[in-house]
């Protein structure tokens, strides 16, 4: 076999392997999406690590999130809450205390309520193989945004048996890396819709900044 033929067959093999990996990734992501859509709501607890070697940052925190339809509430141990009812977003800093009010951005690529379908909106995906986390077998899938933005890579770690997200890694173009590790995952617990609204009157001394 001459050198040209070798290069040709090598190229064909690489292309076929790439298609195969993409097909595997899509099937896993489709299964994850289908299962996610079957939930009426989600309650999850997680740990978060943010690091940036250039800025010498390495911080850990914990949080809890509630998701229902296109609404979510995120509570962080750092005294920060983000509440979104699908129309309005409240950014509540408890220790100040201050709340910033904004219109919901339906195009927000990192909206937690859309995490199960993120791959459907402007991302290329690639199956990176199987591994284990705390003795749990997982699939690892990388998502690459098609358009320019703050994010360069999202990595999903999916439990092979339960088809559930157990870890999410996000790499920003400016060098920051955020890792969410899910420690508790509860579904279909009938979360009241009132969970996703913020009432300033409940905090008499709060400063309200309306940015709408």
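Residue numbers (this note's numbering): 279 to 490. Yeah, the Cβ is synthetic: ideal placement off N, Cα and C, and Gly gets one too.
- Taking a cut-off of 8 Å for Cβ pairs, the segment 342 to 354 and the segment 438 to 454 do not touch, as fewer than three such pairs fall below it.
- Residue environment analysis places residue 351 among the buried positions, since at least 16 neighbouring C-beta atoms fall within 10 angstroms of its C-beta.
- Looking at the backbone, the Cα of residue 468 and that of residue 461 are separated by about 20 Å.
- Taking C-alpha positions only, residue 432 is separated from residue 486 by approximately 34 Å.
- The segment 321 to 332 and the segment 364 to 373 do not touch, with fewer than 3 CB-CB distances between them shorter than 8 Å.
- Along the length of the segment 394 to 474, whole beta strand (DSSP E) runs at least 3 residues long occupy 401 to 411, 414 to 423, 429 to 437, 443 to 450, 455 to 465, reported in chain order.
- The residue from 482, 490, 473, 483 with its alpha-carbon nearest to that of residue 362 is 473.
- Per DSSP, the continuous beta strand (DSSP E) segment holding residue 329 begins and ends at 320 to 330.
- Non-local beta-carbon contacts of residue 357 in its own chain, meaning distances under 6 Å to residues more than five positions away in sequence, involve 372, 373 in chain order.
- Shown here for residue 439: not one same chain residue has a beta carbon closer than 6 Å to its own, the five before and five after excluded.
- Annotation for residue 313: 441 place their beta carbon closer than 6 Å to its own, counting only its chain and skipping 5 residues before and after.
- The beta carbon of residue 318 sits closer than 8 Å to the beta carbons of 346, 465, 466, 468 from its chain, once the five residues preceding and following it are set aside; these are given in chain order.
- As DSSP reads the structure, residue 367 sits in a beta bridge with 362, 380.
- Taking a contact as a CB-CB distance under 8 Å, the pair residue 400 and residue 384 does not count as one, their CB atoms being some 14 Å apart.
- Per DSSP, residue 348 is not a residue of any beta strand (DSSP E), being assigned neither H nor E.
- Secondary structure of residue 316 (DSSP, three-state): helix.
- Of the residues 320, 409, 300, the one whose Cα lies closest to the Cα of residue 470 is 320.
- In this structure, DSSP gives residue 373 a state outside helix and strand, which the three-state scheme calls coil.
- Between the alpha carbons of residue 408 and residue 436 lies a distance of about 9 Å.
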